[in-house]
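First to last, the sequence lines map onto chains A and B.
Heads up: the first sequence runs through residues 20 to 159, numbered per the working numbering.
Heads up: the second sequence runs through residues 248 to 661, numbered per the working numbering.
One structure is given here, and the rest of the page talks about it.
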Amino acid sequence: MKKRVFFLAAACSLLIASWQARASDVKVIANSSVTASSVSAGDVKDVFLLDKDSLGGSHVDPVLSKGGPAHEAFLKDYLGKNDAALQAFYRSLVFTGKASMPKSLGSDGEVVAYVAKTKGAVGYVSSGASTEGVKTLVVK
Amino acid sequence: MKQMIGRLMAGGMLAALALSMALQAQDFKLFDRTVQVHGFASQGFVHTDENNWLTMNTSNVGSGEFTDFGANASTQITDRFRVGAQIYDRDLGQLGRWHPDLDWAYGDFKFKPWLGFRAGKVKTVLGLFNDTQDMDFLHTFALLPQSVYSTDMRDSTLSHIGGDLYGTFSLGKHVGKFSYTAYGGDQRQSIYGGYPYLLTIHGVYIKNSGGPTFGGDLRWITPVKGLLTGASYEKNDVLNTGLLNPSIALGGPNVFVPYTEWSKDQFAQQFYGEYAKGNLRVDAEFRHFWRDFTIFNGQFEAATNTHPWYGSASYRVAKRVELGGYYSHYEIDWIVTAPGQVEAPNVSSPDRHLYDKVVTARFDMKNYWYAKVEGHFMDGYAGFQYPDGFYPQANPNGLKPDTNALVVKTGFNF
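In structure tokens form, the structure reads like this:
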């Protein structure tokens, strides 16, 4: 019985630890022109699904990563779509004229560099990435 | 010869698109604005065991007359105003015939997320897929459920020249979001579509088709993650004009006289739901389509009433492989006042229904390149009162009650 409780507790701890690791796997970053410093997870979803184009009164444009762990974690934690579904979603807007395809970059370094120099850009990088020159948004 | 020139032109455009994709020349600057260029193309092959389908000669070796492509350019003029345009062309058996169309071309001003306005030629929002039905790369299936999204009648609801009011608003975390579109304008219908082709059997050659339209769509993005539901409505006034050759029906020398037909009443109501979670996607739609026409220069009346629906599911089993299936249900009620036109009394008659069971595998070889293999197992052919994929011209020896079809399709987009 004691063994069972021990294994159950260990499994629960692992689950919680993995969930916490996932939630902190990714940082949401923005160009310094974006006035907001904290946003809700719903705002992040709305910005990346193009339902919202401003944060704290500043116009924003989403910037994507092409792949990698931060991209996967971001899709799962914030957008609830897999990569194929997200691409299909953007393409359905692009090919009916409703939106442009968001910029998509190959690495955390490229995302940070692009967000740093582009007014209104909002992106995401892995939690360990250097975010010099951009602001990290607190997601409530 | 004309067809060969069309094919050569299409081949050239496809090559240009492919080259553009290879060069990834998707963005360029014009007057300090970034212009995005995107395109797509697909090529299909259809083989059937019994009846010829979709105006192609599919029942012998099969047919590859199943090609389309499109290209668009768009730019964001200001944070709130964007413009763009897309061309589209296709050849599907006797349909399309390489006559390119301006698919959409409009200006879009978004005042707020909850209020925007588009004006120009705009894709019509009707159900889940009306506005994206030509973009094969977006869908799991090589052919969308034909009961609701019949490819031979695609242009009858596809777009309008006019304006849309649209927006999205939230009523709180526990209620979810609502997205609306209201539109009005003029709907032009292709003279290379299924309906004009069907009428040629009666000696009618449509030269102009269309008329005023209005409608709307309201969808609820529910607080249940991945679940949305909605309803659409479209009302049309249609006037078709062209030429009639009475000798086709009555015999005698070929004579062409002016032909007119018009709608007394026509509308579509559509209800739909979608659930998407992780790799799973489930869709279901129901449409009520009522069409009452005065035909043959006012001599007769023809009314059709249909309540098609489908349910579909797909699952991405691996990063590059998706499997899916759907059941598509189509039954037709009709009345035509012309002599000798009597509907079969029971809907179990193959000329009153078309039930299609479909299985599909989609392979995404690259992000821009895919292939699909699809099996259709069809019961019925739903007669010739309204286009539904089976035509008397393509089946001069009559139709068998069941048809199995293999559809293979590949395409790319950039």
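Ideal Cβ positions, reconstructed from N, Cα and C, are used throughout, including at glycine.
The structure displayed is predicted, hence computed values, not measured ones.
Item: Where P347/B meets chain A, residues with beta-carbon distance less than 8 Å; Value: Residues of chain A passing the Cβ test: none, with the nearest at roughly 16 Å.
Item: Environment of P443/B [buried if 16+ CB atoms lie within 10 Å]; Value: buried
Item: Segments assigned alpha helix (DSSP H), at least 4 residues, entirely inside the region 424-462 of chain B; Value: 441-446
Item: Nearest-angstrom Cα separation, counted from F292/B out to S119/A; Value: 32 Å
Item: Per-residue DSSP class, three states only, for K64/A; Value: helix
Item: G658/B, enclosing beta strand (DSSP E) - first and last residue; Value: D649 to N660
Item: Per-residue contacts from T54/A into chain B (C-beta, under 8 Å); Value: Here the premise fails: no neighbours, minimum Cβ distance about 15 Å.
Item: First through last residue of the beta strand (DSSP E) which encompasses Q516/B; Value: V504 to K524
Item: Host alpha helix (DSSP H) of L105/A (start-end); Value: D102 to V113
Item: Residue-level contact to chain A via CB, W743/B, 8 Å cutoff; Value: Residue 743/B is absent from the structure shown; chain B starts at 248 and stops at 661.
Item: Simplified DSSP state of G489/B, which is helix, strand or coil; Value: strand
Item: Under 8 Å by beta carbon: chain A residues contacting T379/B; Value: S111, F114 and T115
Item: For S145/A, three-class secondary structure by DSSP; Value: strand
Item: Sheet register partners of I582/B (DSSP bridge); Value: A550/B
Item: Span separating the alpha-carbon of Y97/A from that of V63/A; Value: 7 Å
Item: Per DSSP, the bridge partner or partners of V529/B; Value: Y522/B and A560/B
Item: Proximity test, Cβ basis, 8 Å: N101/A and chain B; Value: yes
Item: Per DSSP, the bridge partner or partners of S51/A; Value: Note: S51/A sits in no beta bridge, so no partner.
Item: Spatially closest choice to A550/B from L362/B, Y633/B and T404/B, by CA coordinates; Value: Y633/B
Item: Partner residues on chain B for D62/A, Cβ-Cβ distance less than 8 Å; Value: Correct list: empty, because the minimum Cβ distance to chain B is about 11 Å.
Item: Cutoff 8 Å; reference T189/B; Cβ partners in own chain excluding five residues on either side; Value: An answer regarding residue 189/B cannot be provided, because it is not within the stretch 248 to 661 covered by chain B.
Item: Any C-beta of chain B under 8 Å from that of H78/A; Value: yes
Item: Contacting positions in the region 321-343 of chain B - beta carbon closer than 7 Å to chain A; Value: S321, Q323, D326, G331 and Q333
Item: G367/B and A352/B closer than 8 Å at C-beta; Value: yes
Item: Separation of F287/B from K656/B, as counted between CA atoms; Value: 13 Å
Item: Cβ distance (whole Å) where K472/B is taken to contact G99/A below 8 Å; Value: 6 Å
Item: Proximity test, Cβ basis, 8 Å: N660/B and chain A; Value: yes
Item: Extent of the continuous beta strand (DSSP E) run through H285/B; Value: R280 to T295
Item: Partners in chain A for Q283/B, counting only beta-carbon separations shorter than 8 Å; Value: V113, S119 and M120
Item: Distance CB(S77/A)-CB(G139/A) smaller than 8 Å; Value: yes
Item: Burial state of N544/B (16 or more Cβ within 10 Å); Value: exposed
Item: Beta-carbon proximity list for Q290/B, same chain, < 8 Å, skipping 5 on both sides; Value: G311, F313, T314, K656, T657 and G658
Item: Selection of the region 468-488 of chain B by Cβ proximity to chain A, strictly under 7 Å; Value: K472 and G473
Item: Pick from V158/A, T137/A and P88/A that is closest to S145/A, judged by C-alpha positions; Value: P88/A
Item: For D626/B and K604/B, the rounded distance between their alpha carbons; Value: 9 Å
Item: C-beta neighbour in chain B for D70/A, strict 8 Å; Value: yes
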